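Colleague: Numbering (the working numbering), first residue to last: 31 to 142.
(1) Threshold first: 4 residues or longer. Then list the alpha helix (DSSP H) segments lying entirely within the stretch 62–123, N to C.
(2) Spatial neighbours of residue 77 within its chain, please: CB distance less than 8 Å, with the 5 preceding and 5 following residues excluded, ordered by chain position.
(3) Which residue from 49, 89, 68 puts its Cα closest to that of residue 132?
(4) Please report the distance separating the alpha-carbon of residue 82 from that of residue 115.
(5) Rounded to the nearest angstrom, what separates residue 52 and residue 142 at their Cα positions?
(6) Once DSSP output is grouped into helix, strand and coil, what is the label at residue 49?
(7) If we ignore side chains and look at the alpha-carbon of each, how far apart do residue 104 and residue 72 end up?
(8) What is the DSSP secondary structure of residue 136, counted as helix, strand or coil?
(9) Do residue 68 and residue 33 come within 8 Å of each other at the CB atom, strictly closer than that value?
(10) In or out: residue 79 buried (at least 16 other Cβ within 10 Å) or exposed?
(11) Taking residue 13 and residue 94 to be in contact with their CB atoms under 8 Å, please state how far apart those CB atoms are, rounded to whole angstroms.
Below you can see the structure in the form of structure tokens.
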């Protein structure tokens, strides 16, 4: 279903694509398909604005990241400066450890 919605969204060849949790509720296989499709769209010089709570859903070719908390912008900048343990710990009000593996960001949250 998500692929159908994405295909419909790009049919008119928009220059900007807005995505809200595009892989939400998908199993790992289908999430990989959707994320690969989004990656290919970004390679077509299309601007993509995507909202997610899951770092593993962010494309590798990320230029800019904005982190919000309670509707307010907490930090904006290059992924390596924003997707950090300290910024995400502040964002989610718990200890967060960020890992970058094979170009992708992953995060673990800990309640202490």
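For glycine and all other residues, C-beta sits at the position ideal for the given N, C-alpha and C. Keep in mind the model is a prediction, meaning the values are calculated, not measured.
Modeller: Quick look at the numbers:
(1) 109–112, 115–122
(2) Counting from 1 along the chain shown, the entry for residue 77 is found at position 47. Contacts found: 45, 46, 47.
(3) By 1-based counting over the chain shown, the position of residue 132 is 102. For the residues 49, 89, 68, the minimum Cα distance to residue 132 belongs to 89.
(4) By 1-based counting over the chain shown, the position of residue 82 is 52. By 1-based counting over the chain shown, the position of residue 115 is 85. About 17 Å.
(5) For the purposes of this step, residue 52 is taken as the residue at position 22 of the chain shown. For the purposes of this step, residue 142 is taken as the residue at position 112 of the chain shown. Each residue's alpha carbon lies about 31 Å from the other.
(6) For this step, residue 49 is matched to residue 19 along the chain shown. Strand.
(7) Here residue 104 refers to the residue found at position 74 of the chain shown. Here residue 72 refers to the residue found at position 42 of the chain shown. Cα to Cα, residue 104 sits roughly 25 Å from residue 72.
(8) Position 106 of the chain shown, counting from 1, holds the residue named residue 136. Residue 136: strand per DSSP, three-state reduction.
(9) Residue numbering aside, residue 33 sits at position 3 when the chain shown is read from its first letter. Residue numbering aside, residue 68 sits at position 38 when the chain shown is read from its first letter. Cβ atoms of residue 33 and residue 68: not closer than 8 Å.
(10) Walking along the chain shown from the start, residue 79 turns up at place 49. Exposed is the call here.
(11) Since the displayed the chain opens at 31 and closes at 142, residue 13 lies outside it and no answer follows.
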